[in-house]
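The listed protein sequences correspond, in order, to chains A and B.
Under the numbering used here, read the first sequence as residues 92 to 230, first letter to last.
Under the numbering used here, read the second sequence as residues 92 to 230, first letter to last.
Protein chains: 2
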Amino acid sequence: MSQDERQPVVAANRVFYKAFSERDFAAMDGLWARRSPVACIHPGWPPIFQRENVMASWRGILGNEQQATVTCSDERVLINGDTAIVICTEKVAGNALVATNIFAREDGAWRMIHHQAGPRPAEEPKKQKEEPASKRILH
Amino acid sequence: MSQDERQPVVAANRVFYKAFSERDFAAMDGLWARRSPVACIHPGWPPIFQRENVMASWRGILGNEQQATVTCSDERVLINGDTAIVICTEKVAGNALVATNIFAREDGAWRMIHHQAGPRPAEEPKKQKEEPASKRILH
Numbered sequence: 092m093s094q095d096e097r098q099p100v101v102a103a104n105r106v107f108y109k110a111f112s113e114r115d116f117a118a119m120d121g122l123w124a125r126r127s128p129v130a131c132i133h134p135g136w137p138p139i140f141q142r143e144n145v146m147a148s149w150r151g152i153l154g155n156e157q158q159a160t161v162t163c164s165d166e167r168v169l170i171n172g173d174t175a176i177v178i179c180t181e182k183v184a185g186n187a188l189v190a191t192n193i194f195a196r197e198d199g200a201w202r203m204i205h206h207q208a209g210p211r212p213a214e215e216p217k218k219q220k221e222e223p224a225s226k227r228i229l230h
Numbered sequence: 092m093s094q095d096e097r098q099p100v101v102a103a104n105r106v107f108y109k110a111f112s113e114r115d116f117a118a119m120d121g122l123w124a125r126r127s128p129v130a131c132i133h134p135g136w137p138p139i140f141q142r143e144n145v146m147a148s149w150r151g152i153l154g155n156e157q158q159a160t161v162t163c164s165d166e167r168v169l170i171n172g173d174t175a176i177v178i179c180t181e182k183v184a185g186n187a188l189v190a191t192n193i194f195a196r197e198d199g200a201w202r203m204i205h206h207q208a209g210p211r212p213a214e215e216p217k218k219q220k221e222e223p224a225s226k227r228i229l230h
């Protein structure tokens with residue numbers, strides 16, 4: 092998988108966090124897939140199914156003026172045909188979460204079809220065998 | 092999406108929980124994809140990348156005689172081409188978790204490429220607009 096292939100996926104993932112942090116419902120709505128089935132698991136919430144319900148949840152979250160800014164780092168991308176998975180770290184109000192964001196290709200663009208975020212331990216990951224640097228998204 | 096299309100995905104998801112509960116490393120190893128890139132987020136762990144690292148984590152977990160049985164319910168399936176997503180509830184030692192399990196089609200079989208599980212609230216989900224019963228996996 093080339094860096095070039097991953098770049099549009101990382102860009103779509105950044106649209107998600109920008110919309111989230113700027114509480115921009117129109118941008119969030121534009122990012123979520125129109126035709127593929129969608130789901131969303133906000134931390135501590137039961138899973139939400141169907142676009143209408145998922146977007147209602149985002150309308151509530153983004154409409155909350157107390158909603159903290161969310162930043163994203165450590166994006167790793169897995170692509171499988173017309174589906175892409177981004178695994179990344181979220182920082183929200185000093186807490187670290189880990190997220191799985193899934194995108195489907197619709198009309199040539201990567202659109203979000205699923206998001207799950209949950210707690211991530213504060214400690215550093217155990218040493219893993221690393222991919223060559225050329226295979227990772229650096230930022 | 093037909094029930095028939097979803098059934099092999101649900102079956103693959105059940106292989107995962109059976110292998111988990113029976114601490115059957117060979118079955119778990121057989122389920123994970125060989126060619127597609129894989130990742131895994133165990134609850135409270137940092138994300139793990141690469142098959143070798145993911146399987147090492149399962150070898151540790153399944154080798155632990157104290158590992159509690161894990162049951163799965165409420166499977167919901169989203170299929171996008173050669174990728175399938177199962178969202179389900181896990182019960183582990185009386186605790187409810189919510190999981191996203193992702194499968195890729197390899198040689199005609201659904202193989203696991205990603206797993207994330209995290210805490211699920213104890214309370215009942217807020218009322219959502221439901222899909223017609225015919226579109227849901229019942230069990």
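From the three backbone atoms N, C-alpha and C, an ideal C-beta is built for every residue, glycine too.
Treat the numbers as computed from the prediction; the structure is a model and nothing was measured.
Which of the three DSSP states is assigned to A:Pro99 in this structure?
For the purposes of this step, residue 99 of chain A is taken as the residue at position 8 of the first sequence. If DSSP states are grouped into helix, strand and coil, A:Pro99 belongs with the helices.
B:Met119 to A:Ala117, Cα distance in whole Å?
By one-based count along the second sequence, residue 119 of chain B stands at place 28. By one-based count along the first sequence, residue 117 of chain A stands at place 26. A straight-line Cα-Cα distance of about 42 Å links B:Met119 and A:Ala117.
Thinking C-beta only, is B:Gln141 closer than 8 Å to A:Thr191?
For this step, residue 191 of chain A is matched to residue 100 along the first sequence. For this step, residue 141 of chain B is matched to residue 50 along the second sequence. The answer is no: Cβ separation not under 8 Å.
Any beta carbon of chain A sitting closer than 8 Å to that of B:Asn104?
Against the second sequence, residue 104 of chain B aligns to sequence position 13. With 8 Å as the cut-off, B:Asn104 does not count as an interface residue toward chain A.
Taking the alpha helix (DSSP H) that A:Ser148 belongs to, which residues open and close that run?
Residue mapping note: residue 148 of chain A aligns to position 57 of the first sequence, counting from 1. Boundaries of the alpha helix (DSSP H) around A:Ser148: 142-153.
Put A:Asp120 into one of helix, strand or coil per three-state DSSP.
The residue labelled residue 120 of chain A in the question sits at position 29 within the first sequence. In this structure, A:Asp120 counts as helix in the three-state DSSP scheme.
Buried versus exposed, by CB contacts within 10 Å (16 or more), B:Pro212:
In the second sequence, residue 212 of chain B corresponds to position 121, counting from 1. Result: exposed.
Neighbouring residues, chain B, relative to A:Ile132 (Cβ below 8 Å):
Start at 1 with the first residue of the first sequence, and residue 132 of chain A comes out as number 41. Going along chain B in sequence order, the residues near A:Ile132 (Cβ under 8 Å) are Ile178, Val189, Thr191, Gly209.
Could you check the C-alpha separation between A:Phe107 and B:Arg150 for me, to the nearest Å?
The sequence position of residue 107 of chain A within the first sequence is 16, counting from 1. The sequence position of residue 150 of chain B within the second sequence is 59, counting from 1. A:Phe107 and B:Arg150: Cα-Cα distance of roughly 35 Å.
Could you pull out every unbroken alpha helix (DSSP H) segment of at least 4 residues lying fully inside the segment 175-205 of chain B, listed in chain order?
none
Paired residues, beta bridge with B:Ala130 - DSSP
As a working mapping, residue 130 of chain B is identified with position 39 in the second sequence. In the DSSP assignment, B:Ala130 is bridged to B:Phe140, B:His205.
How would you label A:Arg126, buried or exposed, when you count the other beta carbons within 10 angstroms and need 16 or more for buried?
Here residue 126 of chain A corresponds to residue number 35 of the first sequence, with the count starting at 1. Residue burial annotation: A:Arg126 is exposed, with fewer than 16 other C-beta atoms found within 10 angstroms of its C-beta.
Put A:Arg114 into one of helix, strand or coil per three-state DSSP.
Within the first sequence, numbered from 1, the residue matching residue 114 of chain A stands at position 23. It is coil, neither helix nor strand.
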